[in-house]
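Here the sequence shown is numbered in numbering that gives the first Met the number 0, starting from 0 and rising by one per residue. Note that CB positions come from ideal geometry on N, CA and C, so glycine has one too. The structure appears right after this line, and notes come after that.
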Amino acid sequence: MALILLADVRWRGRPVAGERPRALLAALTARECRAASAGKLIEAVWGDDAPANGLKALQVLVSRVRTACGADVIVRDDSGYRLGAGPDEVDSCRLNRCARDAAARLERDPGAAASLAREAMTLAGSLPAASEGEDGPLAGVRRAAAADAAAARIILARAASRTGEHASALAPLEDAHDSHPGDEALLADLLRSEGAVRGPSAALARYERYRNDLRERLGTDPGEPLQRAYRALLSLDHPVRQGVRHDTTELIGRDLDRQRLGTLLATARVVSIVGPGGIGKTRLAHALARTAGEPSVHVIELAGVTSAEDVVAEAGSALGVRDSVTGRRVLTPQQRSDVRARIASTLGQSPCLLVLDNCEHLIEAVADLVAFCVATAPDLRVLTTSRAPLAIAAERVYPLGELGAADSARLFTQRAVAARPGVWLPEQAVASLIARLDGLPLAIELAAAKVRAMSVEEIDRRLEDRFALLRGGDRSAPDRHQTLLAVIEWSWNLLGAGEQRALRRLALFHDGFTLPAAESVLAADGTAVDAVRGLVDQSLLSVREDPAGIRYRMLETVREFGVLRLAAAGEERAARGALRSWATGYAFEHGGRLSGPGQFAAIDALAAEETNLADELRAALADGDRGALARLLAVLGLFWTVRGDHPRLVAVADSVADAFDDWSPPSDLAADARAAVTVALANALMTGAQSSRPLSVILRRLCRSGAEPGVADAVHVAGLVQVLLAYDPDDGDGSLQWLERLADDPNRYTAATASQWLCHLRGNAGDPEGAVTAAERALDLIRPEDGPWAMTMPHVLLADLSMGLGENRSATVRHARAALPVMERVGAADD
């Protein structure tokens, strides 16, 4: 806040002393800090005691306030004077706005209204009590703030009533009703909370007192909203809880979900809990049904309904409105329309919550029934559980996420102890196990049941074939929840052929994928967008959005299922070929920008797909695809070098040497092969790896081929080739002489690279001054077009050397400040 008026008056932290300076600042906040004329301000500040020359007195006062608080406190414009801050920077104005916005949002979003009301009350927390007879702008601001705070207090209580927090709402609602006895909307909220806390009879008695008083005074009855609250209270005397199940075990990890869904159900007519199979949608829906404030709650299970035409009949049977129909399960269109109308009529008799469980295989029929019922029954709210949303206007979708690590461990531990009380549960072993179960409660419970016959470590090992392991468990669970495979197959069978093909192929992405990547791998039928959208709708893909854009991910359970289906369909070879083609194409697309002004964008693009590209690099090593290996390593190797991730390259150096030992690459791969070997050799030499000798031999052979530079032959890679050809770790003096000659090479790139290597050699030989000279030579040779990282490396060397010399602290700081932002930006954390 720039200006504090509701406690000790302060402007940007500075106390404001004096009655008139405070009055002037308070007067400037009127009309939401818009400009005020001189006459208005004189009247507000001095009132009846205005001086003869009021304008001069105002100018002097403004000058005093500016001297005390800063020149920016009051601004002069054509209309007069205005405060040098907006309404949101003044506590009283912000309080007023919060209170008004809270009142405006109460009906459509009580959760948001409660947040605004709490903010208003926080702003008013240090408001001093008004003194008797106190007058003036500041007193007026504080009186208005007190009124706003009182209004916010009432809004908060009403919002609490509407979101089911009746115990906290009751006392403030009673106080508010005493102050506003004629506010029927307020009374309706009070009756709702009183009925929940003290019972319907107490609330009905209060209603009767109000109605009798109203008839005596005005000869009229309460309005329709209050009469609806009265009908709900009558129903609460005979509550209906049909189809609601009670938990036999604790519902773990869903407290926040229950709170958020309770708020959603208070504001939306239709709420759909959407998520993959086994995530716990049904248990959460029953938990909400048990604590629902509506007098009538009906839960209808649709998993056993196989035909869309039977949805209305099933709902009618559950609600008891089919008695006058023939009794046949299959209804004629006319009978179906009649039953649907009577369903809506039954649900509309009192405030009601209808829960429809497992809707995904009947989604269109359920959507049609729900849309009709909420349009017909004004006090009906509907909660659905589904792997796909209904996609109707009244719906609010709530994607149910996986359990966190702590809740997963707690659930596993609880169920494992129940299965075998003496089971040993090493913390690290449990953590390893649950990390592979995707936070799926069903998978965790199925795994926990296996402790009857296995140790935790054995279960973890056998998860390589999770679908064979995770079967059986709770015999009272539905058949589709008896095995993990059945859970995924339930969703699989709801997919079209194109979506099934997409799931099989996209399961090859270990680290998720973007839409362009999906289009590349699914290019055969050109329906990637529709297929991905279908998988998202069925909760088989999750959507994550970050600054890089939208990314889709599969649960590991779903991904493994897709890989099994891919092999069964005989499509694995073609799909893996498409994935490799995407990986090499993606590397080619972004690798060319790794050395130049576009380096940051290239780093970001490669970082986003690093895991997928590295997976393909390892796969290319494993299956002997030397062309893909060359193209991927040429780019990833330079990417890892820039980021200082040298161990990644050292780890594959021996395998790369073996792969390229007897390979004569075709002309279109020669440049990539040379670049791949170059970065591998450079990192091997830097770390003293044994693979440097065979890689050096391979590089010399590849350079004799005379291939033209390719996309991965960045300028500093091309210069690095010349340095590596000259460098012999077993001949220090000879290498030093060669590097000194190359440091004067007419080719700027070769000279710059040689100077940096020369810096290292001189430093290791005990010649720090010579090392500094070489690093400064490199700094002079590098240009902006070589890229941020290339320009940064000489600064890194000079900062390190200056610090080691201990003579020039300012030089160390200067070079470090030049280097660190770039290193942080490219992700070179270790360096």
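Helix, strand or coil at residue i [DSSP, three-state]
i: F371; result: helix
i: C351; result: strand
i: I549; result: strand
i: W10; result: strand
i: A195; result: helix
i: F512; result: strand
i: A827; result: coil
i: E293; result: coil
i: Q258; result: helix
i: E356; result: The amino acid occupying residue 356 in the given sequence is Asp; Glu does not appear at that position. Strand, per DSSP.
i: T610; result: helix
i: L2; result: strand
i: S541; result: strand
i: V455; result: helix
i: V304; result: coil
For residue j and residue i, the rounded distance between their alpha carbons
i: S538; j: V416; result: 31 Å
i: E193; j: L260; result: 22 Å
i: A817; j: A777; result: 15 Å
i: H814; j: E823; result: 14 Å
i: A789; j: G69; result: 47 Å
i: T121; j: P180; result: 27 Å
i: A364; j: A265; result: 25 Å
i: A314; j: H297; result: 10 Å
i: A144; j: A312; result: 57 Å
i: L185; j: D356; result: 34 Å
i: S594; j: E784; result: 8 Å
i: V542; j: S316; result: 38 Å
i: L760; j: L735; result: 7 Å
i: E707; j: S666; result: Its pLDDT being 49, under 50, E707 is placed unreliably by the model, and the measurement read from it follows with that caveat. The alpha-carbon atoms of E707 and S666 are separated by roughly 9 Å.
i: R782; j: A750; result: 13 Å
i: L352; j: R240; result: 10 Å
i: V354; j: G279; result: 15 Å
i: Y80; j: G274; result: 57 Å
i: A764; j: D732; result: 10 Å
i: R748; j: V722; result: Strictly speaking, residue 748 in this sequence is Tyr, with Arg absent from that position. Cα-Cα distance, rounded: 10 Å.
i: A774; j: F512; result: 42 Å
Buried versus exposed, by CB contacts within 10 Å (16 or more), residue i
i: T305; result: exposed
i: S344; result: exposed
i: W756; result: buried
i: S295; result: buried
i: R579; result: buried
i: L54; result: exposed
i: H360; result: buried
i: G292; result: buried
i: N857; result: Outside the displayed range of the chain (0 to 830) lies residue 857, so it cannot be described from this structure.
i: L233; result: exposed
i: R208; result: exposed
i: E133; result: exposed
i: L255; result: exposed
i: W423; result: exposed
Residues of its chain near residue i, where Cβ-Cβ distance is below 8 Å and the 5 sequence neighbours each way are ignored
i: R268; result: V373, L379, R380, V381 and A393
i: D246; result: R282, H285 and A286
i: G139; result: A25
i: D660; result: P693 and I697
6 Å CB neighbourhood of residue i in its chain, flanking five on each side removed
i: G438; result: E401, L402 and S407
i: A582; result: L612 and E615
i: I860; result: The requested residue 860 is not part of the displayed model; the chain covers only 0 to 830.
i: G709; result: With a pLDDT of 44 at G709, under the threshold of 50, the modelled position of this residue cannot be trusted; read the value that follows with caution. The answer, listed in chain order, is A670 and D671.
i: L484; result: F466
i: P646; result: none
CB contact below 8 Å: residue i versus chain D
i: A619; result: The structure shown contains no chain D; it holds only a single protein chain.
Same chain only: Cβ atoms within 7 Å of residue i, ignoring 5 sequence neighbours per side
i: R642; result: V825, G826 and A827
i: E608; result: Y585
i: R230; result: S349
Opposing strand residues paired with residue i [DSSP bridges]
i: V270; result: L382 and R395
i: V140; result: Answer by DSSP bridge pairing: none, since V140 is not bridged.
i: L82; result: I73
i: Q241; result: H297
i: A35; result: Y80
Residue i Cβ short of 7 Å to the ligand GTP heavy atom set
i: S490; result: Looking at this structure, you won't find the ligand GTP or any other ligand, since it has none at all.
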